[in-house]
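All remarks here apply to the structure that follows.
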Amino acid sequence: MSLRHGIQAVFQKLGYVIVRRENFIDPVSMHRSDGLETCHNRDFVNEPDFMRAYARGLQAADGIDPGHHWRVAIALWAARLAARVDGDFVECGVNAGFMSSAIMESLDWNRSGRRYFLVDSFEGPRMEQFTEHEHASGFVARIEDAVRRDAYVTDFERVQQNFAEWPSAVIVKGWVPEALSKVDANQVAFLHLDLNAAQPERDAFAHFWPRLPAGGVVLLDDYAFYGCEAQKAAIDKLADELGFFVLSLPTGQGLVVKGV
Ligand SMILES: C[S@@+](CC[C@H](N)C(=O)[O-])C[C@H]1O[C@@H](n2cnc3c(N)ncnc32)[C@H](O)[C@@H]1O
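Note that the numbering used here gives residue 68 to position 36 of the sequence shown, counting from 1, and the numbers run on in steps of one.
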């Protein structure tokens, strides 16, 4: 008898039921997308509010579905939490506007009484912003590949048209960190960081943190993402300096709630 079977036999004699992993996973209903594989409940994908918000995100992305359902569900939840406190919303790293459009649709933005600042170069990433580690890990090579595949939107008119239905959307075209001075929000309830680069993400976080009230939310799109270790390291260092805690999520995101 192998050691494993021996241990199982002892447990069974003691009256324990050995629950085998394959007994409670229905492989047909496994969720496999966006770096995440789980058998857990995802009823949210069929909820009308979620479906409407996700569809609006897809509209911004010209119908190209990245399969980011769970990521979007977390962002919608985080945005709803942030909407309990006063302040504008800010996204750094907008691209076509997939995530921010889903959030604005979900929160019925024209009734929110807030502004949504959307900061992006709309020229793709600035290659000199990457750290040595981001080069050495092969992350920059992946970014270069994305640039070659035209994954970054440079058609500014298209972006303006996408957000035209929300007059309080403020599109800020420019580079982070320099462009952050154009965001004239005194209080920020929700900050979404998705710049795919450690240094500007760290700078944007440090810039806006003093403007977040208690209960304000920061959502980091790439914090726990495989290959994005430099971003995690930069934010973790800032967390030590500023005294906040990041919840690492299986979607690759990181979540911070001020005051928690
Ligand atoms: C992953 S995309 C953002 C995706 C977007 N959040 C969405 O929902 O689809 C990253 C964006 O960051 C922008 N970006 C990267 N570095 C930047 C910088 N230093 N300043 C401004 N924009 C930058 C790129 O132009 C690109 O549009």
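Quick reminder that beta carbons are idealized off the backbone N, C-alpha and C, glycines included.
For this session: Indicate whether Ala221 and Ala114 have their beta-carbon atoms separated by less than 8 Å.
Result: yes
Exercise. Looking only at C-alpha atoms, which of Gln231, Phe257 and Gly156 sits nearest to Asp177?
Worked result: Gly156
Exercise. In chain order, what residues of the same chain have a beta carbon less than 7 Å from the beta carbon of Phe237, not counting five sequence neighbours either side?
Worked result: Leu225, Val250, Ile267 and Leu270
Problem set entry | With 16 other Cβ atoms within 10 Å as the buried cut-off, status of His167 | exposed
Exercise. Are Asp120 and Tyr148 close, meaning C-beta to C-beta below 8 Å?
Worked result: yes
Exercise. Residue range of the beta strand (DSSP E) that Phe121 falls in?
Worked result: Asp120 to Cys124
Exercise. When every heavy atom of ligand 1 is checked, does at least one fall within less than 7 Å of the C-beta of Glu123?
Worked result: yes
Exercise. Among residues of its own chain, excluding the 5 on either side of Glu273, which ones have a beta-carbon nearer than 7 Å to its beta-carbon?
Worked result: none
Exercise. What first and last residue would you give for the alpha helix (DSSP H) that runs through Lys269?
Worked result: Glu261 to Leu274
Exercise. So, using beta-carbon positions, are Gly125 and Asn194 closer together than 8 Å?
Worked result: no
Exercise. Does the region 230 to 249 touch the region 179 to 192, meaning 3 or more C-beta pairs lie closer than 8 Å?
Worked result: no
For this session: For Glu54, count neighbouring Cβ atoms within 10 angstroms of its own Cβ and tell me buried if that reaches 16, exposed if not.
Result: In this predicted model, Glu54 has a pLDDT of only 49, less than 50, meaning its place in the structure is not dependable; the value taken from the coordinates is given anyway. Classification of Glu54: exposed, given that the 10 Å Cβ count is below 16.
Problem set entry | Spatial distance of Phe171 from Ser280 (CA atoms) | 20 Å
For this session: Kindly indicate which residue of Glu69, Glu164 and Arg116 has the alpha-carbon position closest to the one of Arg146.
Result: Arg116
For this session: Compare the Cα-Cα distances from Glu137 to each of His72, Asp97 and Met83 and report the closest residue.
Result: Met83
For this session: With hydrogens ignored, establish whether the beta-carbon of Asn127 is closer than 7 Å to any heavy atom of ligand 1.
Result: yes
Exercise. What residue range is occupied by the uninterrupted beta strand (DSSP E) comprising Val204?
Worked result: Ala201 to Lys205
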